[in-house]
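Let me begin by presenting the structure, written as structure tokens, before commenting on it.
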Amino acid sequence: MDKKKESKPNQEEENFIGEEELLSEEEEKELKEKLKYYGYI
Amino acid sequence: MDISSKPNIVIIIVDALRPRDLSLYGAQRELDSNIKRIASESLFFKKNFSASDASDPSRASIFSGKYPANFGQIHQYPYIKENEMEIIKKNKFWLPVYLKNEGYSTFAVTPLYMWLKKGFDYVENSDGTKEGYRNVTRIKFIQKILLKLPHFVYRIGKWAVKDFHKDRLNQAKRSIDKAISKINETEGPFFVFMHLTDTHHPYDAAETPKVNGETSLKKVLETVPTISQKEYVKKRFVDASAKSIEQITLKRENSTIAVDKEIGRFYEFLKEKNILDKTVLIILADHGDSFGEHNIYYEHTGMYDVSVHTPLMIRIPKMKPKVVEELTQNIDVSPTILEILGKKKINVDGKSLLAFTKKNKKLRNEVFAFEGFCDDSRMVRTKTRKLILHDGSKCYLCGAIHGEKKEEYDLVKDPLELKNIYSGKSKLENKFKKFKDSNLA
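Chains as they are written, first to last, in our numbering: chain A, 8 to 48; chain B, 2 to 442.
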């Protein structure tokens, strides 16, 4: 296996999802609040 | 590519399905006649591994093509950490979003929440709400409280809500019905994702069989090392309405037969509708399960092969079937789909499995998996050896510490991973250095 050909995730990633956000700031805030409320974080 | 030439894509996750229990992989009892038939028409991967032992990070690894540590979600919801959310936000590839942008109708006939539901035109939430994760969080919290109760109180509680649980029986049948309904309503290419959970404990596609088993709960508890884990195991028996291991095994096998039958029904639907040969059909499992191996009962925690070795088959129209013995992972599914669609390579951890259609090429020397139910544990595995690192934290589910801090197995002499041969140093230790998120290596 040629190590030079291995992919390097998270480095100069091309955007394949356009404007879509996997986790928007609003969703992240809501999720954190929920997890804090139930004592998970 | 002309939109009409795009193949339909179907991904079926069969929850917690273990290769060692399927005749397809050599088991004696045939539970899987339909899956076996599909495998005989597919690229069929014998040494495939999930990248996680937990459903959510595993599903995320399939859609992102990345190991949980690189995608961000290592832990099962709701145990996800704040720093994981920071990494998730940075991702730029997600299969359902990509396919939607390519003109596919996208249906998840299974409950999904937050990032997992991104890109789907339709998501089936069993609780009937759009914000399934809120209820999931509440339900998980209630489960956590219930698990702390003495098991006889738990038993009373389960009896009180038994009618509620009836709605959850035969989930596979309902998912397949919904998938057929959505496909029938659709024009143009579709992507259907379904996650069939009846093969997961407590195996509710089948009634608890009325058989006497020799291995009673009492006998099982003699082998369980900690009080918290004993309580957990008692509740797992309550959930399955069983008194012996043999009863649970038979119930699980009958549930597997029921799910296999539903997969067969879906296959026949595609055939009768004349779209089987316009559809890429992928069947895999999100993780395995432990039925007492390594003293872990009816959990899929632990980085042993029982929890991470998973079936994988990809039926591609007009492609010659082939059995592949090389190491593959569920993270390879998305890059494979992209190559089928004629797209360029994406910068993820997974690799297109179409390489095996050209020659017997080795894609990787080792596979990795990450524990979703304790703070940090992970494994690296070659064809002959495995190293597991564990930070010593307790299992979120049963409160036990599964395994030792460093375990190494010679998989040729010891395929069941019974004898830890770690001697203070391992050649596999430096393999973890490609992941920057952990201090274990």
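The C-beta atom is built at its ideal place from N, Cα and C for all residues, glycine as well.
Mind checking if residue i is an interface residue toward chain B, Cβ cutoff 8 Å exclusive?
i	result
Lys41 of chain A	yes
Glu34 of chain A	yes
Does the Cβ-Cβ distance between residue i and residue j come in under 8 Å?
i	j	result
Met320 of chain B	Thr358 of chain B	yes
Asn35 of chain B	Lys262 of chain B	yes
Phe50 of chain B	Val368 of chain B	yes
Ser65 of chain B	Phe108 of chain B	no
Glu327 of chain B	Leu364 of chain B	yes
Glu372 of chain B	Arg379 of chain B	yes
Ala241 of chain B	Pro190 of chain B	no
Leu277 of chain B	Leu285 of chain B	no
Tyr39 of chain A	Glu83 of chain B	Residue identity differs from the one stated: residue 39 of chain A is Lys in this sequence, not Tyr. Yes, the pair counts as a contact, with Cβ atoms nearer than the cut-off.
Ile283 of chain B	Val110 of chain B	no
Val221 of chain B	Glu247 of chain B	no
Ser62 of chain B	Asn331 of chain B	yes
Asp16 of chain B	Asp287 of chain B	yes
Val260 of chain B	Ala206 of chain B	yes
His403 of chain B	His310 of chain B	no
Met195 of chain B	Ser176 of chain B	yes
Leu354 of chain B	Thr385 of chain B	no
Within 10 angstroms of the Cβ of residue i, are there 16 or more other Cβ atoms? Answer buried if so, exposed if not.
i	result
Ser291 of chain B	buried
Asp411 of chain B	exposed
Lys345 of chain B	exposed
Ile422 of chain B	exposed
Val413 of chain B	exposed
Thr224 of chain B	exposed
Phe153 of chain B	exposed
Arg30 of chain B	exposed
Asn9 of chain B	buried
Pro336 of chain B	buried
Asp54 of chain B	buried
Gly303 of chain B	buried
Pro112 of chain B	buried
Gly289 of chain B	buried
Thr138 of chain B	buried
Glu215 of chain B	exposed
Ile140 of chain B	exposed
Pro97 of chain B	buried
So, does the CB of residue i fall closer than 8 Å to a CB anywhere in chain A?
i	result
Asn49 of chain B	no
Phe94 of chain B	yes
Ile89 of chain B	yes
Thr107 of chain B	no
Ile146 of chain B	no
Met86 of chain B	yes
Ile123 of chain B	For the record, residue 123 of chain B in the displayed sequence is Tyr; it is not Ile. Not one chain A Cβ lies under 8 Å of Tyr123 of chain B.
Leu79 of chain B	Looking at the sequence provided, one finds Pro at residue 79 of chain B rather than Leu. Closer than 8 Å: yes.
Ile347 of chain B	yes
Met195 of chain B	no
Val334 of chain B	no
Phe192 of chain B	no
Asn331 of chain B	no
Val11 of chain B	no
Asn431 of chain B	no
Phe445 of chain B	The structure shown does not extend to residue 445 of chain B, since chain B is modelled only from 2 to 442, so the question has no answer here.
Asn421 of chain B	no
Thr138 of chain B	yes
Glu83 of chain B	yes
Asn1 of chain B	The structure shown does not extend to residue 1 of chain B, since chain B is modelled only from 2 through 442, so no value can be given for it.
Lys119 of chain B	yes
Val381 of chain B	no
Phe1 of chain B	Outside the displayed span of chain B (2 to 442) sits residue 1 of chain B, for which this structure offers no information.
On the DSSP letters alone, give me the boundaries of the alpha helix (DSSP H) that residue i sits inside.
i	result
Phe192 of chain B	That residue, Phe192 of chain B, is in no alpha helix (DSSP H); its beta strand (DSSP E) goes 191-197.
Ile177 of chain B	172-186
Val1 of chain B	The first residue shown for chain B is 2 and the last is 442, placing residue 1 of chain B beyond what the model contains.
Ser229 of chain B	228-240
Lys359 of chain B	356-359
Over what stretch of residues does the beta strand (DSSP E) that includes residue i continue unbroken?
i	result
Glu223 of chain B	Counting along the chain, Glu223 of chain B falls outside any beta strand (DSSP E), though it belongs to the alpha helix (DSSP H) covering 218-224.
Phe371 of chain B	368-371
Glu408 of chain B	407-411
Val349 of chain B	It is not in any beta strand (DSSP E) - Val349 of chain B carries neither H nor E in the DSSP assignment.
Leu42 of chain A	Element bounds for Leu42 of chain A: not the beta strand (DSSP E) but the alpha helix (DSSP H), 32-44.
Arg382 of chain B	378-382
Ile12 of chain B	9-15
Arg21 of chain B	Careful: Arg21 of chain B lies outside any beta strand (DSSP E) and carries neither H nor E.
Leu388 of chain B	386-391
Task: Segments assigned alpha helix (DSSP H), at least 4 residues, entirely inside the region 25-106 of chain B - done: 34-40, 56-65, 69-72, 83-89, 96-102
Open item on the list: At 4 residues or longer, what runs of the alpha helix (DSSP H) sit wholly inside the region 244-296 of chain B?
Closed with: 246-273
Open item on the list: List, from N- to C-terminal side, the beta strand (DSSP E) runs of 3 residues or more that fit wholly inside the region 294-323 of chain B.
Closed with: 298-300, 313-316
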